[in-house]
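Protein chains in written order, with the working numbering: chain G, 1173 to 1522; chain Z, 219 to 401. Single-structure report; data block below.
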């Protein structure tokens, strides 16, 4: 015992308790026996637990690996499922992130692709029309954002807006009369709001002279007129839409638009639009060549919408019409070079 | 037939598998020291046996849960014993001195024995006034004769900390004994 250098009093104190009585051999033997007995019990318990772990592995988890090993087709299925989860998990995030993108940004194609994908998955024309109108709102908002940032409007945005406006009309024309009239009201109201937005951009924005902005403005005015006409004369409206599709296909515009516009939505098929059941005033208002009707030559002269009465003179398409009324036959959108005619002439002489 | 003798590390490896002979050797090797240590601090044979039993039982439980020692088995066992003794102090903070059967030596003078027992009990009472770590350092250093490195392993503290504990414990003891002399 190390007691060197220790105070004598402490040394004596420790020496006092240094000695201990001998351990009782019987108690020591009993203690050892108890210890070994407890160890034996724990050994058996540990061995049972080990067996349980092994059997759980052998009967539960290991057979799964065994099955997978001998069923390669199941591995393939699992791999495909995992790939789909990873792919759509990642692309889902990209699509979500792309929803706020502008046409000059990298994710914009993802945004337009997701819109097309949504439209292609919707069967109901009513629901599809609702989405179509929302997407056209997006296009107008994109134009406003681009101009506010001092950017020019890319051609793809304007042509996509034109396609969306066309398709919303075609969808409406494909519905039955009651539904079509009801939805044409929506189409008109949305177009009016969009028209107002573009009017404001043209009056005060830095890009007010952007030709694509002017073209979109003209097209929206036409949209309002067509929707207003449809609310009053459904057979004439249908005939008008059929004629527009026929002209677009004939002029190849449909082909050129498909490069930038929606790929799948809308009827875009003459057979999807019911033919007019009568050949009355509505059919008479349509000139097969797409030229505006002359005043007093048919019912078209009697279908002047409120917008026609107040249309801005700079966007008139029918210089031959009294009061500068725009022609509902859409000559503006069918102009091959799509250049607006600020003077109000679309090439249709008297 | 000679008994197989294992090294400390071999013993621990075999003990982890609850090998009977290894566990028996562990008990034979270390239980006498643990018993002495408990006796010196508790001065009660029954409590000392209880301390030994509990120390080795906790060792088995640690082996079962795979939290047992990998080295320095002796330091590990003394640490368990020390913790049990400290718990025992807390459970029974004061016990009146009583001459137990084990203390009676029929060949010796009862008066001398009683005086020695009283003195031993007094020293234990003084030791109990130290902190648990100081008590363990004093017990292992001056009663069991361990080196500072061994004590450090048992306390799981650095050697410097052990020296510091030892220094403060001796100073406290000296102060207590001097004060009692004055009284």
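Glycine included, every Cβ here is placed at the ideal spot set by N, Cα and C. These numbers were taken from a predicted model, which means no experiment stands behind them.
Original post:
Would a C-beta distance cut-off of 8 Å place residue 224/Z and residue 1207/G closer than the cut-off?
Top reply: Within the second chain, the letter at position 6 stands for residue 224/Z. Within the first chain, the letter at position 35 stands for residue 1207/G. Going by C-beta atoms, residue 224/Z is not nearer than 8 Å to residue 1207/G.
Original post:
Between residue 1289/G and chain Z, is there a C-beta pair that is closer than 8 Å?
Top reply: In the first chain, the residue the question calls residue 1289/G occupies position 117. Not an interface residue.
Original post:
Using the beta-carbon of each residue, which ones in chain G are nearer than 8 Å to residue 224/Z?
Top reply: What you label residue 224/Z is simply residue 6 of the second chain in a count that begins at 1. None at all; the shortest Cβ gap to chain G is about 15 Å.
Subject >> Where the alpha helix (DSSP H) through residue 257/Z begins and ends >> reply: Looking up residue 257/Z in the second chain gives position 39. Element bounds for residue 257/Z: 238-260.
Subject >> Residue burial classification, residue 1252/G (beta-carbon count within 10 angstroms, cutoff 16) >> reply: Here residue 1252/G is taken as the residue at index 80 of the first chain, counted from 1. Answer is exposed; the Cβ neighbour count stays below 16.
**OP:** Kindly indicate the opening and closing residues of the alpha helix (DSSP H) around residue 1299/G.
**Re:** Stepping through the first chain from its first residue, residue 1299/G is reached at position 127. It spans 1297-1320 - the alpha helix (DSSP H) in which residue 1299/G sits, taken as one unbroken run.
Original post:
Along chain G, which residues have their Cβ under 8 Å away from the Cβ of residue 385/Z?
Top reply: Numbered from its first residue, the second chain carries residue 385/Z at position 167. In chain order: nothing, as chain G lies at least about 12 Å away.
**OP:** Kindly indicate which three-state DSSP category residue 1285/G falls into: helix, strand or coil?
**Re:** Within the first chain, the letter at position 113 stands for residue 1285/G. DSSP, reduced to helix, strand and coil, places residue 1285/G within a helical segment of the structure shown.
Subject >> Neighbourhood of residue 1303/G by C-beta distance below 7 Å, restricted to the same chain and skipping five residues each side >> reply: Locating residue 1303/G in the first chain gives position 131, counting from the first residue. These residues qualify, in order along the chain: 1290, 1291 and 1294.
Original post:
Where do the ends of the alpha helix (DSSP H) carrying residue 303/Z lie?
Top reply: To locate residue 303/Z, count along the second chain from 1; it is residue 85. Start and end: 291-309.
Original post:
What is the DSSP secondary structure of residue 283/Z, reduced to helix, strand or coil?
Top reply: On the second chain, position 65 is the one that residue 283/Z refers to. DSSP places residue 283/Z in coil when its eight states are reduced to three.
**OP:** Can you say whether residue 1146/G is buried or exposed, counting buried as having 16 or more other CB atoms within 10 angstroms of its CB?
**Re:** For chain G, the structure presents residues 1173 to 1522; residue 1146/G sits outside this window and is missing.
**OP:** For residue 372/Z, return the contacting residues in chain G, with the cut-off set at a CB-CB distance below 7 Å.
**Re:** Mapped onto the second chain, residue 372/Z falls at position 154. What residue 372/Z touches in chain G: nothing, since even the nearest Cβ is about 16 Å away.
**OP:** Report the residue from 388/Z, 382/Z, 354/Z and 361/Z whose alpha carbon sits nearest the alpha carbon of residue 373/Z.
**Re:** Locating residue 373/Z in the second chain gives position 155, counting from the first residue. Ranking 388/Z, 382/Z, 354/Z and 361/Z by Cα distance to residue 373/Z puts 354/Z first.
**OP:** Just tell me which of 1192/G, 1371/G, 1337/G and 1347/G has its CA closest to the CA of residue 1386/G.
**Re:** For the purposes of this step, residue 1386/G is identified with residue 214 of the first chain, where counting begins at 1. Looking at the Cα atoms, 1371/G is the closest of the given residues.
**OP:** Could you tell me which of 245/Z, 310/Z, 230/Z and 308/Z sits nearest to residue 285/Z, measuring between CA atoms?
**Re:** Stepping through the second chain from its first residue, residue 285/Z is reached at position 67. When only C-alpha atoms are compared, the closest one is 230/Z.
Original post:
Relative to the C-alpha of residue 1316/G, which residue among 1374/G, 1331/G, 1363/G and 1307/G is closest?
Top reply: Here residue 1316/G refers to the residue found at position 144 when the first chain is read from its first residue. It is 1374/G whose Cα lies nearest to the Cα of residue 1316/G.
Original post:
Any idea if residue 1268/G is buried or exposed, counting beta-carbon neighbours within 10 angstroms, 16 or more meaning buried?
Top reply: Taking the first residue of the first chain as 1, we reach residue 1268/G at position 96. Label assigned to residue 1268/G: exposed.
Original post:
Are any of the Cβ atoms in chain Z nearer than 8 Å to that of residue 1195/G?
Top reply: Within the first chain, residue 1195/G is the residue found at index 23, counting from 1. Yes, contact with chain Z.
**OP:** Please name the residues in the stretch 1189-1216 of chain G whose beta-carbon is closer than 8 Å to at least one beta-carbon of chain Z, in chain order.
**Re:** 1189, 1190, 1192, 1193, 1195, 1196, 1199, 1200, 1203, 1204, 1206, 1207, 1208, 1210, 1211, 1212, 1214 and 1215
Original post:
Measuring CA to CA, which of 1210/G, 1397/G and 1318/G is closest to residue 281/Z?
Top reply: To locate residue 281/Z, count along the second chain from 1; it is residue 63. Of the candidates 1210/G, 1397/G and 1318/G, the one whose C-alpha sits nearest the C-alpha of residue 281/Z is 1210/G.
Original post:
Would a C-beta distance cut-off of 8 Å place residue 1340/G and residue 1308/G closer than the cut-off?
Top reply: The sequence position of residue 1340/G within the first chain is 168, counting from 1. The sequence position of residue 1308/G within the first chain is 136, counting from 1. Closer than 8 Å, so yes.
Subject >> Cβ of residue 1186/G within 8 Å of any chain Z Cβ >> reply: Numbered from 1 along the first chain, position 14 holds the residue referred to as residue 1186/G. Residue 1186/G counts as touching chain Z.
Subject >> Of the listed residues 241/Z, 249/Z, 243/Z and 237/Z, nearest to residue 1196/G (C-alpha basis) >> reply: For the purposes of this step, residue 1196/G is taken as residue 24 along the first chain, with counting starting at 1. Per the Cα distances, 249/Z.
Original post:
Roughly how many angstroms separate the alpha carbons of residue 1401/G and residue 1376/G, rounded to a whole number?
Top reply: In the first chain, the residue the question calls residue 1401/G occupies position 229. In the first chain, the residue the question calls residue 1376/G occupies position 204. Taking the straight line from one Cα to the other gives about 31 Å.
**OP:** Establish whether the CB of residue 1251/G and some CB of chain Z are separated by less than 8 Å.
**Re:** Along the first chain, read from residue 1 onward, the residue named residue 1251/G stands at position 79. No, residue 1251/G does not count as interfacial toward chain Z.
**OP:** Excluding the 5 residues preceding and the 5 following residue 299/Z in the sequence, name in chain order all residues of the same chain whose CB lies nearer than 7 Å to its CB.
**Re:** Taking the second chain and counting its residues from 1, the one referred to as residue 299/Z is at position 81. Taken in chain order, the residues that qualify are 252, 255, 256, 269 and 273.
**OP:** Give every residue of the same chain whose Cβ lies closer than 8 Å to the Cβ of residue 388/Z, excluding the five residues on either side of it in the sequence, and list them in chain order.
**Re:** By 1-based counting over the second chain, the position of residue 388/Z is 170. 356, listed in sequence order.
Original post:
With burial defined as no fewer than 16 other Cβ atoms inside 10 Å of the residue's Cβ, what is the status of residue 1331/G: buried or exposed?
Top reply: Here the question's residue 1331/G lines up with position 159 in the first chain. Buried, by the Cβ-count rule.
Subject >> Chain-ordered neighbours of residue 241/Z on chain G, where CB pairs are closer than 8 Å >> reply: In the second chain, residue 241/Z corresponds to position 23, counting from 1. Within chain G, the residues 1207, 1208 and 1211 have their CB atoms less than 8 Å from the CB of residue 241/Z, given in chain order.
**OP:** Would you kindly check if the distance between the Cβ of residue 1342/G and the Cβ of residue 1413/G is under 8 Å?
**Re:** On the first chain, position 241 is the one that residue 1413/G refers to. On the first chain, position 170 is the one that residue 1342/G refers to. In contact: residue 1413/G and residue 1342/G (Cβ atoms closer than 8 Å).
Original post:
Near residue 1395/G, what residues of its chain come up, given a Cβ to Cβ distance below 6 Å and the 5 sequence neighbours on each side ignored?
Top reply: The residue you call residue 1395/G lines up with position 223 of the first chain. Excluding positions up to five away in sequence, the list reads 1337 and 1363.
Original post:
Does any CB atom of chain Z fall closer than 8 Å to the CB of residue 1181/G?
Top reply: Residue numbering aside, residue 1181/G sits at position 9 when the first chain is read from its first letter. Yes, its Cβ sits closer than 8 Å to a Cβ of chain Z.
Original post:
Mapping DSSP to helix, strand and coil, what is residue 1360/G?
Top reply: On the first chain, residue 1360/G is found 188 positions in, with the first residue counted as 1. Of the three classes helix, strand and coil, the one that applies to residue 1360/G here is helix, per DSSP.
**OP:** Name the two residues that bound the continuous alpha helix (DSSP H) containing residue 1182/G.
**Re:** Translated into the one-based positions of the first chain, residue 1182/G becomes position 10. Per DSSP, residue 1182/G belongs to the alpha helix (DSSP H) from 1180-1190.
Original post:
So is residue 1218/G in contact with chain Z if we call contact Cβ pairs under 8 Å?
Top reply: Working through the first chain from its first residue, we reach residue 1218/G at position 46. True, the Cβ-Cβ gap to chain Z drops below 8 Å.
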